[in-house]
Amino acid sequence: MMRRSGVKYRLLESQIVTDDQPMTLRADQRREAYRRMLSIRGFELALPRRIAAGEIPGAVHSSVGQEAALVGACMALRDDDSITGTHRSHGHPIAKGARLAPLMAELMGRATGVCKGRGGSMHLADRSVGIIGESAIVGGGIPLATGAGLSALVRGTDQVSLSFFGDGAANQGVLYECLNLAAIWKLPVIFFCENNGYAATTPASTTHAQPDIAKRAGGFGVPGVIVDGQALDEVYGVTSAAVERARRGEGPSLIEAKTYRFDEHAIGVFIPSHYREADEVERYRRERDPLVLCRAWLLEAGHSETELGEIESAVERTVAEAVEFARKSPHPDPASVWDYLYSNPIGYPA
Amino acid sequence: MATTELTYLNAILEAEKEEMERDSSVILVGEDIALYSASGVLGKLDPRRTWNAPISELGFSGMAIGAAITGLRPIVDLTIASFVYLACDQIINQAAKIRFMTGGQVRVPVVFRMSMWHNGANAAQHSDRPYPMFMNVPGLKVIAPATPSDMKGMLKSAIRDDDPVLVFEDNDLWGKKEAVSTDPDFLVPLGKAAVRREGSDVTIVSVAGCLLHALPAAEQLAKEGISAEVVDVRSLVPLDRATILASVAKTRRLVVVDYAHRTAGAAAEIAATVAEEGFETLRAPILRVTTPDVQIPFSPKLERPLYPNRDKIVAAVHKVLH
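Residue numbers (my numbering), protein chains in the order written: chain A, 1 to 350; chain B, 1 to 322.
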């Protein structure tokens, strides 16, 4: 494993790793990570036009601004590791390597959607890449990920699970029930907080008695770490350390990635925007855009403009193809509404 | 068929033991279940098969759901049914919905067991019967077996089923005994009612432990020359509408007996089904014998009169016959 010098993140309470040389992405992983980050961005940026065209019912929840946190975390996982996500669900499957077309088709409510038109924007769960749930009940995925960790332990595999949740979910009691469960039984679970600063329109600063969610891990004897969520390699480094710790049977970790949501809470519904300063959003877009930071870092690491340009063109094509696939896909048959309610339907429909 | 005499409670433990021996993915999760291992009641269990949980109903119920999605078949012992409210978000918003919401990408083979207490001076927070609420949640299966054989066979079916199943147990059934099959593959299917006693004048549909009053009521009525058919619903979701409707088509009168509160309950659903689909067969209005919509009090003098019993059922039958 490649190591790099210097520790740029703060470790709290106790160390996830004793080695102060965190893991860093290899060249091929860096290209893949950049592809996934760009895919999230491209996917999200394609949506407003489709919403305006009336092709996407309901509201969508954009992950723009949070790409490095998502991809940095998922690059530390294997394909067979489980994750759970949130209502802001587009980025999780893409970060875990999902195909874009079934995700886009799902947003359009089509029969070819990843959830057959039963989930939509808040629930882009793609089991084929390890996602076991995207919960629009804030904090709802946390116990599922804890259970996936228990399952790995009982089945005797070295799989881990990672639960993405937001700063809002950090005030749900279930997080603390699950941190405790995972800690007492040393479950291989990574609790990963995407702290984007706002629970819908409520600033985290007004709802958290102290600002660092990761500090709460100490109350459970669990390592807690804060990481710059806009820095791909740093997120990858801390998550990898937590994953290795979990695979060694040493139990859970809590990671808090400080990140930022560039778009509104949801697009397609009216949300008052005066809860945060326009300057603040502009400053993040200008100085803390994870794609811009990542691109500069990749160039610095020796990747060429040509190489990055090729990735960018490929992602642009894939996004366009996903949109076309979705638009051409059939709508679900109304008679199919009973499908998937039960695995073993007895006497249904009633 | 080889049988052994088992109490209802031991039928539960036998079902769990057999299924844990049969399938290594079956695990137990719950409060105070360490005593199962400690007392050897389930035999010597691998510590990874029993998870004696802290008092975190929401957390460990959701954990069991996550484990079910990823390859295990957890049995969650919630002990007293009133505690299920703490776990409701995970049961309703995840277990019941996640297969549907993911377009069938996952299965949720999890069982939640809970006991219901009455006439025990336990007051309102240990005396609830929440199954009607869960009948209103598509995606769940809800059963309330009333005999040791049914409990063993239906619990085994529930554990082997790929959907979330809620099992409601009346605690006054725990001590009841009967001969129960020892066949490790003895299964009683979910979704089938049982005609416990045949009759021609009136149908008494009994929910859960009300069978302990419905059968004596039928016995009493027989002495008066009234032939009552007793249908034990056993499974609330799926509900065996066909057996109930067929019985009412024969007897033309219906009394539904349920310990749960009256409004929007299991008895209401059964009555509505017969009113919609069997109205022309009825000779009298349907009557429900239920617990009134009041919280369960502590004092036995206040509590005891609230519940359905033999005499109330007999009185209801007299009313529909005259």
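Here a beta-carbon is modelled for each residue, glycine too, at the ideal position from N, C-alpha and C.
query                                                                                                                                                                                     : result
Quick one: what does DSSP say His-213 (chain B) is sitting in, helix, strand or coil?                                                                                                     : helix
How do the segment 250-267 of chain A and the segment 33-42 of chain A stand: do at least 3 beta-carbon pairs fall below 8 angstroms, yes or no?                                          : no
Whole alpha helix (DSSP H) runs in the segment 50-78 of chain A with 4 or more residues, listed along the chain?                                                                          : 67-74
What is the DSSP secondary structure of Glu-224 (chain B), reduced to helix, strand or coil?                                                                                              : coil
Tell me which residue opens and which closes the alpha helix (DSSP H) that Gly-40 (chain B) is part of.                                                                                   : It is not in any alpha helix (DSSP H) - Gly-40 (chain B) carries neither H nor E in the DSSP assignment.
Return yes when the Cβ of Arg-155 (chain A) is within less than 7 angstroms of the Cβ of Gly-71 (chain B), no when it is not.                                                             : yes
So is Asn-136 (chain B) buried or exposed if we call it buried at 16+ other beta carbons inside 10 Å?                                                                                     : exposed
Helix, strand or coil: which one does DSSP assign to His-126 (chain B)?                                                                                                                   : helix
Within 10 angstroms of the Cβ of Ile-55 (chain B), are there 16 or more other Cβ atoms? Answer buried if so, exposed if not.                                                              : exposed
Hey, how far is the Cα of Gly-6 (chain A) from the Cα of Leu-25 (chain A)?                                                                                                                : In this predicted model, Gly-6 (chain A) has a pLDDT of only 38, less than 50, meaning its place in the structure is not dependable; the value taken from the coordinates is given anyway. Computed Cα separation, rounded: 15 angstroms.
Measure the C-alpha to C-alpha separation of Glu-229 (chain B) and Lys-250 (chain B) and round it to an integer number of angstroms.                                                      : 10 angstroms
From the DSSP output, read off the bridge partner residues of Lys-258 (chain A).                                                                                                          : A:Asn-195, A:Asp-228
Use the C-beta contact count for Tyr-275 (chain A): other C-beta atoms within 10 angstroms, 16 or more gives buried, fewer gives exposed.                                                 : exposed
Got a sec, what are the start and stop residues for the alpha helix (DSSP H) Met-133 (chain B) sits in?                                                                                   : 131-135
So who's on the other strand from Val-205 (chain B), going by DSSP bridges?                                                                                                               : B:Val-231, B:Val-256
In terms of alpha-carbon separation, which member of A:Tyr-34, A:Phe-262, A:Ser-163, A:Glu-234 lies closest to Leu-45 (chain A)?                                                          : A:Phe-262
Go ahead and pull the three-state DSSP assignment for Ser-200 (chain B).                                                                                                                  : coil
Which value, in whole angstroms, describes the spacing of the CA atoms of Ala-53 (chain B) and Glu-310 (chain A)?                                                                         : 52 angstroms
Determine, using beta-carbon pairs with one atom in the segment 57-65 of chain A and one in the segment 109-124 of chain A, whether at least three such pairs fall under 8 angstroms.     : yes
Quick check on this structure: which residue in A:Ala-301, A:His-331, A:Phe-270 has the alpha carbon closest to the alpha carbon of Arg-110 (chain A)?                                    : A:His-331
Does the beta-carbon of Thr-201 (chain A) have 16 or more other beta-carbons within 10 angstroms, so that it is buried, or is it exposed?                                                 : exposed
Take every Cβ of the segment 97-108 of chain A, pair it with every Cβ of the segment 310-323 of chain A, and state whether three or more of those distances are shorter than 8 angstroms. : yes
May I have the straight-line CA-CA distance separating Leu-293 (chain A) from Pro-223 (chain A), to the nearest angstrom?                                                                 : 28 angstroms
Rounded to a whole number of angstroms, what is the C-alpha to C-alpha distance between Leu-308 (chain A) and Leu-144 (chain A)?                                                          : 37 angstroms
Helix, strand or coil for Arg-288 (chain B)? Go by DSSP, reduced to three states.                                                                                                         : strand
Taking the alpha helix (DSSP H) that Ile-270 (chain B) belongs to, which residues open and close that run?                                                                                : 266-277
Give me the subset of the segment 61-89 of chain B whose CB atoms are less than 9 angstroms from a CB atom of chain A, sorted by chain position.                                          : Ser-61, Gly-62, Met-63, Ala-64, Ile-65, Gly-66, Ala-67, Ala-68, Ile-69, Thr-70, Gly-71, Leu-72, Pro-74, Asp-89
Who does Val-76 (chain B) pair with in a DSSP beta bridge?                                                                                                                                : B:Val-29, B:Phe-112
Can Val-230 (chain B) be considered in contact with the ligand ZN, in the sense that its beta carbon sits closer than 6 angstroms to one or more heavy atoms?                             : The ligand ZN is not among the ligands present in this structure, which contains no ligands whatsoever.
Give the interface partners of Asn-344 (chain A) over in chain B, defined as CB-CB distance under 8 angstroms, in chain order.                                                            : Asp-161, Asp-162, Asp-163
Short of 8 angstroms in beta carbon distance, which residues of its chain neighbour Val-114 (chain A), apart from the five on each side in sequence? Order them along the chain.          : Pro-93, Ala-98, Pro-102, Leu-103, Ala-105, Glu-106, Leu-124, Ala-125, Asp-126
Counting only Cβ-Cβ distances shorter than 8 angstroms, please list the residues of the segment 90-101 of chain B near chain A, keeping chain order.                                      : Gln-90, Asn-93, Gln-94, Ile-98, Arg-99, Phe-100, Met-101
Over the uninterrupted beta strand (DSSP E) stretch that includes Asn-52 (chain B), give me the two end residues.                                                                         : 50-52
Please report the straight-line C-alpha distance between Leu-212 (chain B) and Ile-204 (chain B), rounded to a whole angstrom.                                                            : 12 angstroms
Between which two residues does the alpha helix (DSSP H) holding Ala-64 (chain B) run?                                                                                                    : 57-69
In whole angstroms, what separates the C-alpha of Phe-112 (chain B) from that of Ser-336 (chain A)?                                                                                       : 29 angstroms
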